[in-house]
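> Read in UniProt numbering, the sequence shown has 271 at position 271, and its numbers run on one by one without any break.
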Amino acid sequence: EGEETVIRGFLDGDGVGERFDFCMCNPPFYEQDHEVENRTGHRPEPSAVSTGSMDELRTEGGELRFVEKIIDESLELKERITVYSSMLGHKRNYDQILRILKGRGVSNFTTTRFCQGNTTRWGVAWSFSSEALLYKVPDATQQSTNTNKKSPSKPLQGKILTSNQAPTLAEAKTHLLSALTPLALQLQPLEGESDSESLWKLVAQDNTWSHQRRKRREAMRVATVESSGELASEQGTPSKRCRTEPVLSAAVSLKSCDGGWTLALSYLGGIAGKDGVNQILQYVKNKLKESSE
Numbered sequence: 001e002g003e004e005t006v007i008r009g010f011l012d013g014d015g016v017g018e019r020f021d022f023c024m025c026n027p028p029f030y031e032q033d034h035e036v037e038n039r040t041g042h043r044p045e046p047s048a049v050s051t052g053s054m055d056e057l058r059t060e061g062g063e064l065r066f067v068e069k070i071i072d073e074s075l076e077l078k079e080r081i082t083v084y085s086s087m088l089g090h091k092r093n094y095d096q097i098l099r100i101l102k103g104r105g106v107s108n109f110t111t112t113r114f115c116q117g118n119t120t121r122w123g124v125a126w127s128f129s130s131e132a133l134l135y136k137v138p139d140a141t142q143q144s145t146n147t148n149k150k151s152p153s154k155p156l157q158g159k160i161l162t163s164n165q166a167p168t169l170a171e172a173k174t175h176l177l178s179a180l181t182p183l184a185l186q187l188q189p190l191e192g193e194s195d196s197e198s199l200w201k202l203v204a205q206d207n208t209w210s211h212q213r214r215k216r217r218e219a220m221r222v223a224t225v226e227s228s229g230e231l232a233s234e235q236g237t238p239s240k241r242c243r244t245e246p247v248l249s250a251a252v253s254l255k256s257c258d259g260g261w262t263l264a265l266s267y268l269g270g271i272a273g274k275d276g277v278n279q280i281l282q283y284v285k286n287k288l289k290e291s292s293e
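#1: In whole angstroms, what is the alpha-carbon distance linking S194 and L169?
#2: Is DSSP giving A251 helix, strand or coil here?
#3: Whole angstroms are fine: how far does the CA of L288 sit from the CA of A179?
#4: By the DSSP assignment, the beta strand (DSSP E) with E197 in it spans what residues?
#5: Is V252 closer than 8 Å to W200 when the C-beta atoms are compared?
#6: What is the rounded straight-line gap between the Cα of residue 320 and the Cα of D21?
#7: Report the residue from A250, E68, N286 whose alpha carbon sits nearest the alpha carbon of K274.
#8: How far does the alpha helix (DSSP H) with residue 324 in it reach, from first residue to last?
#9: What are the boundary residues of the alpha helix (DSSP H) that includes Q157?
#10: Determine the direct distance from the alpha carbon of W126 to that of D95, and round the result to whole angstroms.
#11: Can you tell me whether K69 is buried or exposed, with buried defined as 16 or more other CB within 10 angstroms of its CB?
#12: I need the DSSP call for F114, collapsed to helix, strand or coil.
#13: Can you give me the start and stop residues for the beta strand (DSSP E) that Q165 sits inside?
#14: Helix or strand or just coil, what does DSSP make of G269?
#15: Does the Cβ-Cβ distance between L281 and G158 come in under 8 Å?
#16: Use the C-beta contact count for F109: other C-beta atoms within 10 angstroms, 16 or more gives buried, fewer gives exposed.
#17: For K173, which residues of its own chain have a beta-carbon under 7 Å away from its beta-carbon, when the five flanking residues on both sides are left out?
This is how it looks when you write it as structure tokens:
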């Protein structure tokens with residue numbers, strides 16, 4: 001219905017005065033016709049045949065705008081529907097919908113992931129009812145793909161320094177913090193530090209650790225340009241995008257182990273997931289290796 005309502009129109013019409021247990025949505029995935037045509041340009045055809053008409057496959061603003069309208073309408077309808085839910089076909093839209101929910105002040109929600117063959121879809125459900133505490137439902141997107149149990153909380157860890165490189169904890173901390181400085185992360189010291197271990201909570205508002213080599217090449221290119229001060233300043237300014245949640249939060253431990261220092265990171269939350277934790281660990285290893293050469 002274009003920019004008209006998605007579900008409110010029905011509830012104000014045929015469904016006026018009624019309450020419903022849930023609504024379930026499989027939104028139009030695409031914004032433009034060419035997106036539908038080009039979807040499989042670089043990957044095999046899906047095993048399942050698409051049976052949707054063009055009107056069912058595309059809508060103005062794509063699935064992101066479609067589901068955002070449902071969220072906005074749910075803020076008006078509240079408990080007239082106990083659980084609102086929708087599937088999403090694009091990971092980037094799933095990430096954005098989580099930000100929209102939190103930005104609208106919706107904290108009672110849960111997520112899941114559907115995997116069938118080579119196809120992955122994401123599901124989001126939210127509620128304003130005290131009878132549906134969705135935030136207590138285990139988050140399936142954080143569960144192991146091999147078991148029905150939640151992923152183990154065992155931290156990802158690796159040796160980053162030898163005792164010769166850093167004889168003391170203070171020196172090891174200096175090396176680690178120096179390596180992390182370019183990432184502009186928030187590191188909050190935690191209680192429990194000893195002579196052989198330091199603890200922090202890491203919070204990342206943006207993914208600053210990916211494509212570091214490309215960023216360094218770009219920085220070197222900019223540095224060779226005359227009057228590069230303003231240009232470098234402009235390009236080096238962190239993104240001002242509004243976020244309602246960190247990209248990543250993790251517990252960090254630097255401890256003495258096996259004649260050196262081990263860095264351990266435990267995933268706590270954020271859309272970067274455990275891959276983000278692993279990427280930061282690898283980044284630190286590479287950074288310290290470069291500095292020692």
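We treat Cβ as the ideally placed atom computed from N, Cα and C, and that holds for glycine.
If we stick to the structure as given:
#1: 9 Å
#2: strand
#3: 7 Å
#4: 197-204
#5: yes
#6: Outside the modelled stretch of the chain, which goes from 1 to 293, sits residue 320, for which no answer is possible.
#7: A250
#8: As shown, the chain starts at 1 and ends at 293. That puts residue 324 outside it, with no answer to give.
#9: Note, Q157: premise wrong, no alpha helix (DSSP H); beta strand (DSSP E) at 156-162.
#10: 15 Å
#11: buried
#12: strand
#13: From DSSP, Q165 is part of no beta strand (DSSP E); its letter is neither H nor E.
#14: strand
#15: yes
#16: buried
#17: S198, L254
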